[in-house]
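Residue numbers (my numbering): 18 to 205.
Ideal placement from N, C-alpha and C gives every residue a C-beta, glycine not left out.
Every value quoted in this text rests on a predicted model; they were computed, and no experiment measured them.
Accompanying notes for the structure given below.
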């Protein structure tokens, strides 16, 4: 039973509409609302026209005077302009919603990139500090070896002392040079 519920939940999550689909549905909803209002307005206008015609036929038989027709034409023109303006506003609102969605996506993308770069920067700083500490440790060891060498050269003959100490000193010098190169690269 739990497995069926988890599978159903998984399917529900996978079949959940995407942001783009939701925005598109919202836009369609807005357009349909406006069309509904337009149709209601048209129906109201038609009802008013019918009532006006009934009243005119009762009050005054015959066609409308030219001045009344002009007024009706002006009112019809104003109504059409208002509907056009409203449609323009709906389109503008949709475009603004789309721009907001794109800006949010960019913001999320740049925040992720920023976090990645901060993590890389932190890692590089730690690596740099680690190499600096290693280099300091090697320098200290090298100084100790040089002291030991100096002590040995004072005690032993110069020829036997140089043979004994040349190998470790050369190895440490090479390690020191390699670490200095790594540190220079990290500081760039």
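What is the rounded straight-line gap between the Cα of residue 198 and the Cα of residue 154? 16 Å
Segment limits, alpha helix (DSSP H) that includes residue 150: 83 to 172
Segment contact, 8 Å Cβ cut-off, at least three pairs: the region 111 to 131 with the region 40 to 59: yes
Which whole-angstrom value is the C-beta distance of residue 96 and residue 51, which I expect to be below 8 Å? Between residue 51 and residue 96 the Cβ distance is about 14 Å, and since that is not below 8 Å, they are no contact.
Beta-carbon separation of residue 144 and residue 196 under 8 Å? no
Return helix, strand or coil for residue 44, following the three-state DSSP convention. helix
Beta-carbon separation of residue 193 and residue 152 under 8 Å? yes
Just the Cα atoms here: how many angstroms apart are residue 161 and residue 201? 25 Å
Given this structure, state the Cα-to-Cα distance separating residue 136 from residue 46, to the nearest angstrom. 44 Å
Own chain, CB closer than 8 Å to residue 117, minus 5 neighbours either side, in chain order: none
CA-CA distance, residue 150 and residue 134? 24 Å
Consult DSSP for residue 35 and reduce its assignment to one of helix, strand or coil. coil
Round the Cβ separation of residue 100 and residue 55 to the nearest angstrom and send it over; I've been treating them as touching at under 8 Å. 6 Å
Taking residue 191 as the reference, which of 119, 159, 58 and 105 has the closest Cα? 159
Since I believe residue 48 is in contact with residue 107 (beta carbons under 8 Å), could you give me their beta-carbon distance rounded to a whole number of angstroms? 6 Å
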